[in-house]
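FYI, in my numbering the residues of the sequence shown are 252 to 446. Heads up, the beta-carbon is just placed ideally off N, CA and C, and yes, glycines get one too. These figures come from a predicted structure and were not determined experimentally. What follows is a set of notes on a single structure, which appears directly below.
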Amino acid sequence: MKLLFVGPPGAGKGTQAARVAQRLGIPHISTGDMFRDHVARGTDLGRRVDSIMKAGEYVPDEITVEMLGERVAQPDAKDGFILDGFPRTEGQAEALDGLIGRHSLDTVVVFEVDEDALVERLLERGRVDDTEETIRTRFKVYQEQTAPLLDLYNSRDVVVTVDGIGEVDEITERIVEVLDTENRIPTTASPEGSP
Ligand code: ADP
252 MKLLFVGPPG
262 AGKGTQAARV
272 AQRLGIPHIS
282 TGDMFRDHVA
292 RGTDLGRRVD
302 SIMKAGEYVP
312 DEITVEMLGE
322 RVAQPDAKDG
332 FILDGFPRTE
342 GQAEALDGLI
352 GRHSLDTVVV
362 FEVDEDALVE
372 RLLERGRVDD
382 TEETIRTRFK
392 VYQEQTAPLL
402 DLYNSRDVVV
412 TVDGIGEVDE
422 ITERIVEVLD
432 TENRIPTTAS
442 PEGSP
């Protein structure tokens with residue numbers, strides 16, 4: 252059960268990734284959360300990425316890939332995970348193939364959200380890197396660098412899209428349902444004693 256959650260900033264993918272991961276009993280791995288944790292703890296890595304994140308730019312692939320590589324090598328990630336916010340560049344997508352093998356990705360869940368709704372949501376969230384200018388930069392960077400990755404995953408026929416507008420619970424159900432329908436992962440445990 253190796254899943255990627257992809258979408259523009261503010262699409263709600265982090266919230267949904269956490270919920271779906273809990274449902275499936277697999278870890279939720281968010282590179283954004285990992286970087287924020289480094290910044291909060293004041294590690295060397297945190298000091299290197301702080302200003303990059305505040306500007307809404309992407310952290311260099313070298314740094315990001317190394318951190319992610321260590322995380323997916325942890326025992327809890329052996330049987331699956333939801334990656335949230337990774338890969339975001341072509342280099343990261345290639346690195347991910349190298350780390351887990353190109354055939355082991357089950358599904359890429361893409362969030363579709365109207366741009367105006369996104370800006371509104373992000374300004375409400377009020378995170379330290381959520382200024383209007385940074386939000387605009389993150390959109391531009393997403394369109395330029397991350398959206399093209401969908402071509403790659405579409406060509407592998409692993410992409411499903413989800414409407415990201417609505418109540419949080421409702422969207423979680425949409426995702427679980429789409430994963431079920433696609434029959435890519437078991438989203439409901441089998442009854443006690445049955446195979
Ligand atoms: P959002 O989805 O709202 O943009 P994230 O929490 O996913 O927020 O990421 C916040 C910031 O962390 C990004 O703007 C970027 O600077 C950095 N970041 C997170 N993931 C990556 C990545 N895979 N590659 C490069 N930078 C990243």
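Whole-number beta carbon distance between residue j and residue i, since they are thought to touch under 8 angstroms
i      : j      : result
Val392 : Gly297 : Going by Cβ atoms, the distance from Val392 to Gly297 rounds to 21 angstroms, so no, they are not a contact pair.
Phe332 : Pro278 : 5 angstroms
Ala268 : Val316 : Actually they do not touch by this definition, with Cβ atoms about 19 angstroms apart.
Ile280 : Val310 : About 15 angstroms; that fails the 8 angstroms criterion.
Gly258 : Gly415 : 6 angstroms
Val410 : Leu400 : Their Cβ separation, rounded to whole angstroms, is 10 angstroms, which puts Val410 and Leu400 out of contact at 8 angstroms.
Asp381 : Leu374 : 7 angstroms
Val429 : Val413 : 6 angstroms
Closest by C-alpha distance to residue i, when choosing among the options
i      : options                        : result
Ala489 : Phe332, Ile386, Val360         : Because residue 489 is not part of the residues shown, which for the chain are 252 to 446, the question remains open.
Asp327 : Asp402, Glu421, Arg425, Lys253 : Lys253
Asp335 : Val359, Glu345, Asp312         : Val359
Glu424 : Thr266, Thr340, Arg287, His289 : Thr266
Ser355 : Val379, Lys329, Glu375, Glu366 : Lys329
Gln325 : Leu350, Phe256, Glu313, Thr340 : Leu350
Arg378 : Thr294, Asp312, Lys305, Ala344 : Lys305
Residue i: CB within 7 angstroms of a non-hydrogen atom of the ligand SAM
i      : result
Phe390 : The model depicted lacks the ligand SAM and carries the ligand ADP instead.
To test your reading of the DSSP string, which unbroken alpha helix (DSSP H) runs of 4 or more residues are found completely within the stretch 381 to 416?
Contiguous alpha helix (DSSP H) elements confined to the stretch 381 to 416 occur at 383 to 392, 400 to 406, taking only those with 4 or more residues.
Would you call the stretch 257 to 268 in contact with the stretch 294 to 301, where contact means no fewer than 3 C-beta pairs closer than 8 angstroms?
no
Any alpha helix (DSSP H) of 4 or more consecutive residues that is wholly inside the stretch 337 to 385:
341 to 351, 366 to 376
As an exercise, report each continuous beta strand (DSSP E) stretch of at least 3 residues that is fully enclosed by the stretch 273 to 345, in chain order.
Here the runs fully enclosed are 279 to 281, 332 to 335.
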